[in-house]
Amino acid sequence: MNINIKTKTWEDMRSSARRIFPVIGAVVAGAFSLGQIHGAVHAEGIETWGPKNRPTYTWSNPADHVTFNSMTDNPEIGDESNFVRVRKIGSQDKFSNNVTVEPGSEYEVFVYYHNNASAKLNDGDHRGIAQNVRLRMDKITDRLEAGHAAVIKGTISASNATPKEVWSTSYLHAKETVSLRYVPNSAKLSNSGSLNGSTLNDDALFGKDGGTFLGYTKNYWGAIPGCNEYAGYVKFRIKADKAGFTGEKMASKENMNDYRTEITVAPGETIDFKLRYKNTGTTIQRGVSAYDLLGTGMTAIPGTTFLKTPRSAGFEKENLFKNGFNIGDYNAGEEAFITYKVKFSEDEKIFPCGDTVTYNNSAIAVLDTTIHSKVKVTVHRDCADKPKTPNTPKELPHTGASETVLAVVVTAMIGIGTAYYIASTKQLKALEKQHEDKE
0 MNINIKTKTW EDMRSSARRI FPVIGAVVAG AFSLGQIHGA VHAEGIETWG PKNRPTYTWS
60 NPADHVTFNS MTDNPEIGDE SNFVRVRKIG SQDKFSNNVT VEPGSEYEVF VYYHNNASAK
120 LNDGDHRGIA QNVRLRMDKI TDRLEAGHAA VIKGTISASN ATPKEVWSTS YLHAKETVSL
180 RYVPNSAKLS NSGSLNGSTL NDDALFGKDG GTFLGYTKNY WGAIPGCNEY AGYVKFRIKA
240 DKAGFTGEKM ASKENMNDYR TEITVAPGET IDFKLRYKNT GTTIQRGVSA YDLLGTGMTA
300 IPGTTFLKTP RSAGFEKENL FKNGFNIGDY NAGEEAFITY KVKFSEDEKI FPCGDTVTYN
360 NSAIAVLDTT IHSKVKVTVH RDCADKPKTP NTPKELPHTG ASETVLAVVV TAMIGIGTAY
420 YIASTKQLKA LEKQHEDKE
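Numbers 0 to 438, taken from numbering that gives the first Met the number 0, label the letters of the sequence shown in order.
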């Protein structure tokens with residue numbers, strides 16, 4: 000798209016223009032050192048700016064054609080080739096090219112643009128006015144591993160510029176694994192023209208249709224005259240989130256509310272179990288799933304499974320013990336509790352005289368992460384004569400059949416949404432029996 004700017008419109012633009020530098024100065028005061036060059040980075044195979052072979056210009060000797068961000072002595076930001084910079088929001092930090100992110104914090108990306116053509120080229124045939132000017136940001140990784148850096152790359156292009164496009168980069172470093180997400184509708188255009196304060200389209204900003212148009216005057220998106228008074232910048236925000244949660248299993252004597260991770264019971268006794276989930280991260284967790292695998296000789300009492308969340312509380316069906324169920328979405332810091340009653344068998348073949356140790360295993364899953372927890376239960380039966388040697392604990396290995404089944408069930412639940420995968424009861428019992436036979 001070529002934009003034909005008539006002389007009258009150009010005169011209106013020029014007469015209404017205010018110098019952009021007071022605006023930029025208010026934003027970046029103290030944030031840049033004059034002539035600041037790119038800092039050291041740790042991203043292999045990435046050019047920090049380019050093209051590096053393009054001609055450069057100075058404040059006193061502007062370009063004789065449309066070109067962007069090629070001045071080496073800009074009084075406000077120094078070397079214009081370094082036009083993408085980042086800083087932590089709410090801090091006194093300066094804009095820089097390398098920032099170490101902290102979970103829960105937001106970061107502001109600053110992208111400067113300046114058509115370096117001499118102002119006198121805006122008159123006459125208007126060959127100093129850049130046309131179809133766009134900003135395109137590369138997609139930012141949504142998961143940043145500890146010890147790695149995320150590249151923040153911006154490219155400015157114009158159909159009549161030489162070179163056609165220029166680019167610059169900054170880097171977000173992580174000491175621990177975090178999730179990075181663009182804050183929707185946060186991209187704002189700033190300049191001294193009538194387009195100042197415009198919100199840029201999110202999809203276009205990250206490359207749809209070649210990028211988002213920049214501009215100076217309403218009705219002339221994509222047109223930017225030469226000279227510093229028509230320069231400007233775009234700012235947008237990135238949030239660093241940490242996904243974390245806990246899953247804790249406990250048991251108590253019935254109605255005693257004295258929960259612990261180990262308990263001793265008698266055959267035929269009923270006890271209370273509690274499974275606690277908490278979102279310890281900095282972002283919402285959706286589709287949290289829970290599953291419980293009862294040990295040998297344990298039977299859940301129907302109608303006692305109770306789910307309490309920050310927004311609701313009520314009894315649930317017995318899906319917790321069959322195929323698990325989705326317990327909802329949780330904001331950072333929120334938690335949920337699942338309680339239920341279990342009766343232990345009176346069968347002397349299952350729990351002979353003396354002490355028999357068994358375990359109740361549970362799992363909480365968010366996306367591809369699963370946390371297992373268990374309660375150790377010692378079933379004690381009094382003997383008429385000398386007690387037998389305590390039976391070998393029936394706990395399945397933490398990396399064995401029980402946890403494997405839990406992982407399969409929970410993973411399947413997440414993968415297919417509400418159409419939960421139903422684990423065969425016979426398969427679970429067969430796995431436990433196989434383990435017992437080996438003992």
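Backbone N, C-alpha and C fix where the C-beta goes; we use that ideal spot for every residue, glycine too.
Simplified DSSP assignment, three categories, for residue i
i: TYR258; result: coil
i: GLU228; result: helix
i: ALA148; result: strand
i: LYS7; result: With a pLDDT of 37 at LYS7, under the threshold of 50, the modelled position of that residue is not reliable, and the figure given next carries that caveat. Reduced to three states, the DSSP call for LYS7 is helix.
i: ALA129; result: strand
i: ASN190; result: coil
i: ALA160; result: coil
i: LEU143; result: strand
i: ASN184; result: coil
i: ASP271; result: strand
i: GLY209; result: helix
i: ALA331; result: coil
i: LEU179; result: strand
i: LEU204; result: helix
i: ASN318; result: helix
i: PHE350; result: coil
i: SER169; result: strand
i: ASN195; result: coil
i: THR338; result: strand
i: LYS138; result: coil
i: ASN278; result: strand
i: ARG285; result: strand
i: LYS217; result: coil
Residue i versus residue j - alpha carbon distance
i: GLU101; j: ALA173; result: 8 Å
i: VAL65; j: ASN115; result: 7 Å
i: ASN121; j: GLY77; result: 24 Å
i: VAL150; j: ASN96; result: 10 Å
i: ILE349; j: ILE326; result: 33 Å
i: ASP201; j: LYS187; result: 10 Å
i: ASP63; j: SER117; result: 6 Å
i: THR355; j: ASP291; result: 21 Å
i: ASP328; j: GLU228; result: 49 Å
i: ALA364; j: THR140; result: 23 Å
i: VAL182; j: LYS238; result: 7 Å
i: SER191; j: LYS234; result: 15 Å
i: GLN284; j: PRO351; result: 44 Å
i: ASP367; j: GLU144; result: 15 Å
i: LYS307; j: ARG380; result: 34 Å
i: ASN256; j: ASN184; result: 48 Å
i: PHE320; j: SER104; result: 39 Å
i: VAL68; j: CYS226; result: Going by the sequence as given, residue 68 is Asn instead of Val. Straight-line Cα distance between these residues: approximately 11 Å.
i: LEU213; j: PHE314; result: 56 Å
i: THR304; j: GLU175; result: 37 Å
i: ARG53; j: PRO224; result: 20 Å
i: PHE244; j: ASN330; result: 11 Å
i: LEU179; j: VAL376; result: 42 Å
i: ASP72; j: GLY286; result: 53 Å
i: TYR170; j: MET297; result: 54 Å
Spatial neighbours of residue i in its chain, beta-carbon cut-off 6 Å, leaving aside the 5 residues before and after
i: SER158; result: GLN130, ASN131
i: GLY206; result: ARG135
i: GLU268; result: PHE343
i: THR99; result: HIS172
i: SER361; result: LYS248, LEU274, ASP291, SER372
i: PRO61; result: ASN115, SER117
i: GLY49; result: TRP166
i: ILE155; result: PHE67, TYR112, LEU134, VAL165
Counterpart residues of residue i in DSSP-defined beta bridges
i: ASN360; result: LEU292, LYS373
i: ILE326; result: Paired residues: none, contrary to the question.
i: GLY302; result: Looking at the DSSP assignment, GLY302 forms no beta bridge with any residue, so it has no partner.
i: SER251; result: ASP271
i: ASP240; result: SER178
i: THR355; result: VAL378
i: GLY153; result: MET136, SER167
i: LYS234; result: PHE109, LYS187
8 Å Cβ shell around residue i - same chain, five flanking residues per side excluded
i: GLU334; result: ARG275, TYR276, LYS277, ASN278, PRO309
i: LYS273; result: LYS248, MET249, ALA250, SER251, TYR258, PHE336, ILE337, THR338
i: GLU253; result: GLU268, THR269, ILE270, ASP271, LYS340
i: HIS397; result: Low per-residue confidence applies at HIS397: pLDDT is 46, beneath 50, and the placement is therefore not dependable, though the value from the model is reported in the following sentence. Excluding residues within five positions, the ones whose Cβ falls inside 8 Å are HIS371.
Proximity test, Cβ basis, 9 Å: residue i and chain C
i: MET255; result: Chain labels in this structure do not include chain C; a single protein chain is all it has.
Own chain partners of residue i with C-beta closer than 7 Å, once the 5 adjacent residues on each side are dropped
i: VAL177; result: VAL100, PRO102, LEU143, ALA239, ASP240, LYS241
i: THR198; result: ASN184, ALA186, LYS187
i: PRO266; result: PHE343, SER344, GLU345, PHE350, VAL378, ARG380
i: GLU317; result: ALA299, PRO301, THR304
i: ILE262; result: ALA250, ILE270, VAL374, VAL376
Quick check on the DSSP output: what are the complete beta strand (DSSP E) runs of length 3 or more inside the region 46-121, in order along the chain?
83-87, 97-100, 105-112
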